[in-house]
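Undergrad: Those protein sequence lines, which keep their order, are chains A and B.
Just so you know, my numbering puts 167 at position 25 of the first sequence, and the rest follows in order with no gaps.
Just so you know, my numbering puts 49 at position 44 of the second sequence, and the rest follows in order with no gaps.
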Amino acid sequence: MTATESPATTRLSKRRTYRRLMYGSIVGAVVLTLVLRNFGYPFVGEAVYWLGIVAFFAIWTGTDVQVMDERDWELERRATLSAFQIIGAIGVVGASALRLLTYLTEYTIPAEVQGAFYGFIGLFIAFGLSYLWHRSRL
Amino acid sequence: MKNELDEYRSRDGLSQGELAEAVGVSRQTINAIERERYDPSLELAFKLAAQFDCAVEELFDPALDDAA
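1. Step through the CB atoms of chain A and report whether any lies within less than 8 Å of the CB of residue 29(B).
2. Got a sec: which bits of the stretch 198-212 of chain A sit with their beta carbon under 8 Å from any beta carbon on chain B, in order along the chain?
3. Is residue 157(A) close to chain B? Criterion is C-beta to C-beta, closer than 8 Å.
4. Report the residues of the stretch 216-234 of chain A with a CB closer than 8 Å to any CB of chain B, ordered along the chain.
5. When the Cα atoms are used, what is the spatial distance from residue 249(A) to residue 243(A)?
6. Are residue 52(B) and residue 28(B) touching if we call contact CB-CB under 8 Å?
7. Do residue 24(B) and residue 74(B) have their beta-carbon atoms positioned less than 8 Å apart in this structure?
8. Using 8 Å for Cβ pairs, my map puts residue 1(B) next to residue 54(B). What's the rounded Cβ distance?
9. Three or more beta-carbon pairs under 8 Å between the stretch 198-215 of chain A and the stretch 173-182 of chain A, yes or no?
10. Within 10 angstroms of its Cβ, does residue 34(B) collect 16 or more other Cβ (buried), or is it exposed?
11. Tell me whether residue 231(A) counts as near the ligand ZN, meaning its Cβ is closer than 7 Å to at least one heavy atom of that ligand.
12. Counting only beta-carbon atoms, is residue 46(B) nearer than 8 Å to chain A?
13. List, in order along the chain, the chain A residues whose C-beta lies closer than 7 Å to that of residue 49(B)?
14. Applying a beta-carbon distance threshold of less than 8 Å, which residues of chain A neighbour residue 13(B)?
15. Taking only beta-carbon positions, decide if residue 33(B) is within less than 8 Å of chain A.
16. Find the nearest neighbour of residue 31(B) within the set 157(A), 270(A), 168(A), judged by alpha-carbon distance.
17. Starting from residue 18(B), trace the alpha helix (DSSP H) in both directions and tell me its first and last residue.
18. Can you give me the C-alpha to C-alpha distance between residue 193(A) and residue 257(A), rounded to a whole angstrom?
19. Taking the alpha-carbon positions, what's the residue 165(A) to residue 247(A) distance?
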């Protein structure tokens, strides 16, 4: 610590450092996994991937520095809501459009699109279950 | 929500970072409250009031929103 840095500034930069380490470990692990997979080392890539995941949680739970505060949780809540609204809108409009397409034309829904819709539905079911669980506790 | 956080902080000669550290949040959170873009939780509002040794309603005034 230099003479111009207050302890508060140091602790805040520590918080930033820990956050960078956490998210950096995930992003770094994913990038490295893709690189290793492309170079023909899929198992080493998977090991690196899991190392990144474990590092993320180890840093989060292992430090006494408060990495997230109430505004961060509020940001996550708002981002989740926005994401669900967008996914919901795509799901409602897209499902109807695809159903009509298959009724009115010879169009066959590609397996990837069907998979994506099942994924959306799964996401909403998971959200609903999670909501009910939280509601029972609040 | 309208608030006097900036005034109280300046009065005590605290930086946003120092206040943030004192109440256990990030500097960005203090900045967002001062810019009235984020309303703190009840717990944080009380912590801020305790920090400045004043009542919560002296620091935060939701009624001022209606007048604006």
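Here a beta-carbon is modelled for each residue, glycine too, at the ideal position from N, C-alpha and C.
TA: Concretely, from the data shown:
1. For the purposes of this step, residue 29(B) is identified with residue 24 of the second sequence, where counting begins at 1. Yes, because at least one Cβ of chain A sits closer than 8 Å to the Cβ of residue 29(B).
2. 208, 211, 212
3. Numbered from its first residue, the first sequence carries residue 157(A) at position 15. So yes, residue 157(A) belongs to the interface.
4. 216
5. Position 107 of the first sequence holds residue 249(A). Position 101 of the first sequence holds residue 243(A). For residue 249(A) and residue 243(A), the distance between alpha carbons rounds to 6 Å.
6. Residue mapping note: residue 52(B) aligns to position 47 of the second sequence, counting from 1. Residue mapping note: residue 28(B) aligns to position 23 of the second sequence, counting from 1. For residue 52(B) and residue 28(B), yes; Cβs fall inside 8 Å.
7. Outside the modelled stretch of chain B, which goes from 6 to 73, sits residue 74(B), for which no answer is possible.
8. Because residue 1(B) is not part of the residues shown, which for chain B are 6 to 73, the question remains open.
9. no
10. What you label residue 34(B) is simply residue 29 of the second sequence in a count that begins at 1. Buried, because 16 or more other Cβ atoms sit within 10 Å of the Cβ of residue 34(B).
11. Questions concerning the ligand ZN fall outside what the structure shown contains, since it holds no ligand whatsoever.
12. Counting from one through the second sequence, the residue named residue 46(B) turns up at place 41. With 8 Å as the cut-off, residue 46(B) counts as an interface residue toward chain A.
13. Translated into positions along the second sequence, residue 49(B) becomes position 44. Result: 212.
14. Residue numbering aside, residue 13(B) sits at position 8 when the second sequence is read from its first letter. Chain A residues near residue 13(B): none, gap ~17 Å exceeds 8 Å.
15. Taking the second sequence and counting its residues from 1, the one referred to as residue 33(B) is at position 28. True, the Cβ-Cβ gap to chain A drops below 8 Å.
16. By one-based count along the second sequence, residue 31(B) stands at place 26. Residue 157(A) is the option with its Cα nearest to residue 31(B).
17. For the purposes of this step, residue 18(B) is identified with residue 13 of the second sequence, where counting begins at 1. Premise fails: residue 18(B) is in no alpha helix (DSSP H) and is neither H nor E.
18. Taking the first residue of the first sequence as position 1, residue 193(A) is located at position 51. Taking the first residue of the first sequence as position 1, residue 257(A) is located at position 115. The alpha-carbon atoms of residue 193(A) and residue 257(A) are separated by roughly 29 Å.
19. Residue numbering aside, residue 165(A) sits at position 23 when the first sequence is read from its first letter. Residue numbering aside, residue 247(A) sits at position 105 when the first sequence is read from its first letter. The alpha-carbon atoms of residue 165(A) and residue 247(A) are separated by roughly 47 Å.
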